Amino acid sequence: MASNPFQQLSVYRNISRKNQKIKDCYRLLYHKDLWLKAYTNLCSDTMNVTNGTSFKMIDEMIEQLQQNTFRFSPMHRKPDSSQIVFNFKDKLVLEVMSIILSHIYEPIFSKHSHGFIGNRSYQSALLEIKNSWNGVTWCIQGVLDGESNREHQKNLLKWISKKIDDRRFLLLIHNALSCGVMTKWHLEKTDDGAQQPRQFSMLLLNIYLHELDTFIEHVIKQKSNYCKMKYVRFAHVFIIGVSSPKEDAQKLKSLIECFINNNLQLRIARGTTNIRHIGKGIPFLGYQISKCKRNYIQLNIPARALHSFALKNGYGNLDDLTIKHRKKLVNLCELEILSIYNLELKKFGNYYKLADNFHLLNKLLYIAEHSFIKTIAIKRRSSSKKVAISMRKHRQGHLSLVQQNKTGEQIIHTFLKLKDFHNYSYK
Numbered sequence: 001m002a003s004n005p006f007q008q009l010s011v012y013r014n015i016s017r018k019n020q021k022i023k024d025c026y027r028l029l030y031h032k033d034l035w036l037k038a039y040t041n042l043c044s045d046t047m048n049v050t051n052g053t054s055f056k057m058i059d060e061m062i063e064q065l066q067q068n069t070f071r072f073s074p075m076h077r078k079p080d081s082s083q084i085v086f087n088f089k090d091k092l093v094l095e096v097m098s099i100i101l102s103h104i105y106e107p108i109f110s111k112h113s114h115g116f117i118g119n120r121s122y123q124s125a126l127l128e129i130k131n132s133w134n135g136v137t138w139c140i141q142g143v144l145d146g147e148s149n150r151e152h153q154k155n156l157l158k159w160i161s162k163k164i165d166d167r168r169f170l171l172l173i174h175n176a177l178s179c180g181v182m183t184k185w186h187l188e189k190t191d192d193g194a195q196q197p198r199q200f201s202m203l204l205l206n207i208y209l210h211e212l213d214t215f216i217e218h219v220i221k222q223k224s225n226y227c228k229m230k231y232v233r234f235a236h237v238f239i240i241g242v243s244s245p246k247e248d249a250q251k252l253k254s255l256i257e258c259f260i261n262n263n264l265q266l267r268i269a270r271g272t273t274n275i276r277h278i279g280k281g282i283p284f285l286g287y288q289i290s291k292c293k294r295n296y297i298q299l300n301i302p303a304r305a306l307h308s309f310a311l312k313n314g315y316g317n318l319d320d321l322t323i324k325h326r327k328k329l330v331n332l333c334e335l336e337i338l339s340i341y342n343l344e345l346k347k348f349g350n351y352y353k354l355a356d357n358f359h360l361l362n363k364l365l366y367i368a369e370h371s372f373i374k375t376i377a378i379k380r381r382s383s384s385k386k387v388a389i390s391m392r393k394h395r396q397g398h399l400s401l402v403q404q405n406k407t408g409e410q411i412i413h414t415f416l417k418l419k420d421f422h423n424y425s426y427k
């Protein structure tokens with residue numbers, strides 16, 4: 001084994017790519033450099049990584065792993081919440097394991113699997129559909145659901161053991177599973193404190209569903225002579241496109257459901273599996289996938305997404321352009337209120353930046369802008385007209401607030417316009 005753990009990880013990546021078994025990866029857990037990398041992944045404050053307490057904790061955990069005495073603490077949920085709480089030591093071990101497992105599995109994961117794999121994201125999943133699904137007529141969708149049980153854990157360990165020949169590392173994964181690191185086979189909303197263990201569970205989910213990817217890719221090869229077939233999966237959500245009669249799509253749907261039920265022992269969430277003609281629009285990952293007149297694939301923002309976002313955030317109703325002020329924000333300072341509106345809109349615009357109908361955000365920005373004016377008017381005990389006039393005098397065409405810094409320099413903060421979205425770097 002190389003003395004540099006990152007060199008050894010590169011060796012494992014190459015071995016895995018050659019479809020060979022990985023041996024003795026447990027000993028990578030003894031390398032402090034790997035733990036420091038995991039620590040920086042978990043902590044935004046990198047200054048804390050080098051303090052004595054952190055080094056001591058890492059040394060103690062490495063010693064426990066060397067002596068085979070480390071055990072994960074049983075996971076527990078927050079009161080009145082489905083979110084799982086992890087202690088920091090467990091999160092750190094899981095992050096080190098994630099680094100090792102990702103180097104082993106990412107080289108062999110399907111190119112059609114996009115969730116939590118390297119740089120692949122919902123955006124790469126959607127772009128694959130946009131760029132290569134011309135000619136598709138019928139689409140089959142599915143959302144996998146269900147509670148993780150012992151049979152799933154048994155299957156997962158069996159499949160990992162085909163790739164990793166290291167009893168101690170497999171026992172460590174088994175211990176994590178037994179303590180509840182993975183309870184469901186779908187994405188759950190989590191707070192910031194649960195992001196990294198969630199990342200580990202998503203990696204395990206991708207390992208489990210790699211069996212589904214392999215099966216569907218095998219079916220694609222079998223049908224390639226007489227049927228064009230496409231496949232994309234993002235975490236627990238998948239979509240298949242075929243250029244054949246609907247009857248063929250129905251047979252394919254039954255075949256895949258049978259594999260999921262019998263081989264994966266999972267189920268497709270009720271009401272999520274259906275066959276739709278792409279001309280009628282297919283909802284996928286929050287977008288609407290459709291075919292334009294020139295036979296190209298379009299990605300659109302669904303009208304209901306705009307409407308529900310405006311209602312949820314208290315801007316008003318897009319149907320009749322009813323504007324509302326936001327009572328909960330009135331007691332905040334004006335810059336805070338502006339920041340909240342801009343952050344909400346940036347997040348929404350970021351998610352839908354691939355949309356061909358991105359210009360529809362103008363209507364959302366209109367109602368959000370007037371909601372902001374109305375909220376500030378309530379705060380100032382003034383009229384919306386007076387507030388709008390006072391805010392537009394600093395920068396023509398923009399609602400703006402002026403702040404003076406310590407040196408007396410004026411800083412202008414503006415409300416977002418559609419053209420501003422192109423000036424942000426999206427992640």
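Letter 229 of the sequence shown, counting from 1, is numbered 229 in the UniProt record's numbering, and no numbers are missing.
For glycine and all other residues, C-beta sits at the position ideal for the given N, C-alpha and C.
All values reported here derive from a predicted model rather than from experimental measurement.
Check the Cα spacing between ALA303 and each of ASN317, TYR296, ARG294: the tightest is with ASN317. Secondary structure at VAL219: helix, using DSSP grouped into helix, strand and coil.
By the 16-neighbour rule on beta-carbons within 10 angstroms, PRO245 is exposed. In this structure, ASN41 lies away from GLY115, with their beta-carbon atoms at least 8 Å apart. The beta carbons of CYS139 and ILE240 sit closer together than 8 Å.
Note on VAL136: 16 or more other CB atoms within 10 angstroms of its CB, so buried under the neighbour-count rule. In this structure, LEU252 places its C-beta atom within 8 Å of the C-beta atom of VAL242.
Ranked by how close their Cα comes to the Cα of SER339, the residues ALA305, ASN274, PHE284, ILE412 have ILE412 in first place. Distances from the CA of TYR208 to each of LYS163, ARG167, CYS227 were compared; the closest alpha carbon is that of LYS163. Here the alpha carbons of LEU364 and ASN350 stand approximately 14 Å from one another.
Short of 7 Å from the beta carbon of LEU170, and not among the five residues preceding or following it, lie these beta carbons of its own chain, in chain order: LEU157, ILE160, SER161, ILE164. When the beta-carbon positions are compared, ARG27 and MET1 come within less than 8 Å of each other. Following the DSSP letters along the chain, one finds LEU299 inside the beta strand (DSSP E) bounded by residues 297–300. The alpha-carbon of GLY286 is positioned some 28 Å away from that of CYS227. Taking ILE104 as the centre and dropping the five residues before and after it, the same chain places the C-beta of TYR12, ARG13, SER16, ILE22, CYS25, LYS163, ILE164 closer than 8 Å to its C-beta, in chain order.
For a cut-off of 8 Å, the C-beta gap from ILE301 to ILE129 is around 15 Å, too long to register as a contact. In the three-state reduction of the DSSP assignment, ARG120 falls in the strand class, which pools E and B. Exclusion of the five residues before and after ASN295 leaves ASN134 as the residues of its chain whose Cβ lies within less than 7 Å of its Cβ. Going by beta carbons, GLU257 and THR273 fall inside the 8 Å limit. Of the candidates SER148, HIS359, ARG326, LYS346, ARG326 places its Cα closest to the Cα of LYS379.
Of the candidates GLU60, GLY279, ASN149, GLY279 places its Cα closest to the Cα of LYS293. The criterion of a C-beta distance shorter than 8 Å is satisfied by MET202 and ALA235. Taking ASP356 as the centre and dropping the five residues before and after it, the same chain places the C-beta of GLN298, LEU299, ASN300 closer than 7 Å to its C-beta, in chain order.
Around the Cβ of GLU95, a 10 Å sphere holds 16 or more other Cβ atoms; the residue is buried.
Here DSSP, grouped into helix, strand and coil, assigns ASP248 to helix. Beta-bridge partners assigned by DSSP to GLN410: GLN404. Closest option to LEU36, judged by alpha-carbon separation, among PHE70, HIS76, VAL93: VAL93. Counting of Cβ neighbours within 10 angstroms places THR322 among the exposed residues, the total staying below 16. One Cα belongs to ARG168, the other to LEU361, and the distance between them is close to 53 Å. LEU306 carries a helical assignment under DSSP once its states are collapsed to helix, strand and coil. Inclusion of GLU211 and THR183 in the CB contact set at 8 Å is not warranted, their separation being larger than that value. By a beta-carbon distance limit of 8 Å, ALA368 contacts LEU345. Their separation comes to about 6 Å.
In this structure, DSSP gives ASP145 an extended state, which the three-state scheme calls strand.
For GLN153, the closest C-alpha among the options VAL143, GLN141, SER132, CYS179 is that of CYS179.
In this model, TYR315 and LEU418 are separated by some 17 Å (Cα to Cα). DSSP lists ASP165 as the beta-bridge partner residues of LYS23.
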